[in-house]
DNA sequence: TTATATCCGATAATTTTAGTCGGATATATT
DNA sequence: AATATATCCGACTAAAATTATCGGATATAA
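Protein chains in written order, with my numbering: chain L, 3 to 134; chain S, 3 to 134.
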């Protein structure tokens, strides 16, 4: 409950790794996977996904890899989590109403308050707050 | 990602339900399950669990059921979540170090900061903030 | 005595998350 | 041009977590 997924963790690890190097230097999937003991194939997916979201940039071919493209201090953690994992919320009913309880639910409003607190907390932090 | 479990939701729904009645009145599993469209058996488990944690009190036999035992304004949400679901944390590594990455992990400290923010946020709210 | 309720361990089903495989495309180097 | 190394990407499988079910026990009010 209330956990980050590995995908998000791998994404953050990769960004921090890239940020530790000079701006134009390139990191390959294999390099990152080996360094942090992450399965290559799944890391590849994650990096491709971030590339599609314009967080990083892919360079094809041998000696290729990825480098940071976006301003990480301009991406807050809600944006980041949603780009990597999809919609965020303590309960599904805040973005997808398919719930058997919803008609009688007596806690939706109070939980939504907490949800807002959580969202605001994550929104107040940027990706760079983690990768720096 | 970052969701409450149904168990926690069922627990909160039940508490709010009980709190809406006079202090000594008893709510049976079946009554709550029917009212909120929750599977009886799993709700039974959840209520039994809360009884064991002394949040509610079980009354056996026919016309039995449960009623609130603890002071809900004295239980903060971290305590409550941990009583119902076990240890809380954005990543397992904050309470169970069995992680392939831990030796090389470059984001553990920053994520722990966020984790603390989240924990503090939940600690600042009581169960009663939801059930009232 | 009976009916109705909690109690509780074992197990099954479902959903989500994590990881694998196969083969395509792009490009630097030789 | 050939080759090696990298990304790209859909389909698939596996594992783990969550959710739900089953069977039968115990407690007690009526």
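Beta carbons: idealized from backbone N, C-alpha and C, even for Gly.
Since the model is a prediction, treat every value here as computed from it, not as a measurement.
{"Check": "Close Cβ partners of residue 97(L) (< 6 Å) along its chain, the five nearest in sequence each way excluded", "Outcome": "89, 91"}
{"Check": "Nearest-angstrom beta carbon gap, residue 106(S) and residue 136(L) [assumed within contact, 8 Å]", "Outcome": "The requested residue 136(L) does not occur in the structure, where chain L is confined to residues 3 to 134."}
{"Check": "Chain-ordered chain S contacts of residue 131(L) [CB-CB under 9 Å]", "Outcome": "112, 115, 116"}
{"Check": "Any C-beta of chain L under 9 Å from that of residue 94(S)", "Outcome": "yes"}
{"Check": "Contact set between the stretch 29-61 of chain L and chain S, restricted to residues whose Cβ is under 9 Å from the partner", "Outcome": "37, 38, 39, 40"}
{"Check": "Closer than 9 Å at the beta carbon, the chain S residues around residue 10(L)", "Outcome": "3"}
{"Check": "Minimum Cβ-Cβ distance from residue 69(L) to chain S less than 9 Å", "Outcome": "no"}
{"Check": "Where residue 102(L) falls, given that 16 or more other Cβ within 10 Å makes a residue buried", "Outcome": "exposed"}
{"Check": "Neighbouring residues, chain S, relative to residue 127(L) (Cβ below 7 Å)", "Outcome": "116"}
{"Check": "Residue range of the unbroken alpha helix (DSSP H) whose run includes residue 72(S)", "Outcome": "No alpha helix (DSSP H) contains residue 72(S), which DSSP labels as neither H nor E."}
{"Check": "Own chain, CB closer than 6 Å to residue 78(S), minus 5 neighbours either side, in chain order", "Outcome": "125, 128"}
{"Check": "Proximal residues to residue 12(S) (C-beta, below 6 Å), its chain only, five neighbours per side dropped", "Outcome": "40, 45, 48"}
{"Check": "Chain S residues whose Cβ lies nearer than 7 Å to that of residue 6(L)", "Outcome": "3, 92, 93"}
{"Check": "Close beta carbons around residue 146(L), own chain, < 7 Å, minus the five adjacent residues each side", "Outcome": "As displayed, chain L neither begins before 3 nor continues past 134, which places residue 146(L) out of reach and without an answer."}
{"Check": "Nonlocal neighbours in the same chain, by C-beta distance under 7 Å from residue 42(S), ignoring five residues either side", "Outcome": "31, 32, 35"}
{"Check": "According to DSSP, residues forming a beta bridge with residue 29(L)", "Outcome": "68(L)"}
{"Check": "Own chain residues within Cβ distance below 6 Å of residue 85(S), not counting five before or after", "Outcome": "55"}
{"Check": "Residues that DSSP places opposite residue 60(S) in a beta bridge", "Outcome": "68(S)"}
{"Check": "Alpha-carbon to alpha-carbon, residue 4(L) and residue 60(S)", "Outcome": "29 Å"}
{"Check": "N-terminal and C-terminal residue of the alpha helix (DSSP H) that residue 102(L) is part of", "Outcome": "Unbroken run through residue 102(L): none, as it is neither H nor E."}
{"Check": "8 Å Cβ cut-off: residues of chain S touching residue 82(L)", "Outcome": "Near residue 82(L) there are no residues of chain S at all, since even the closest Cβ is about 12 Å away, more than 8 Å."}
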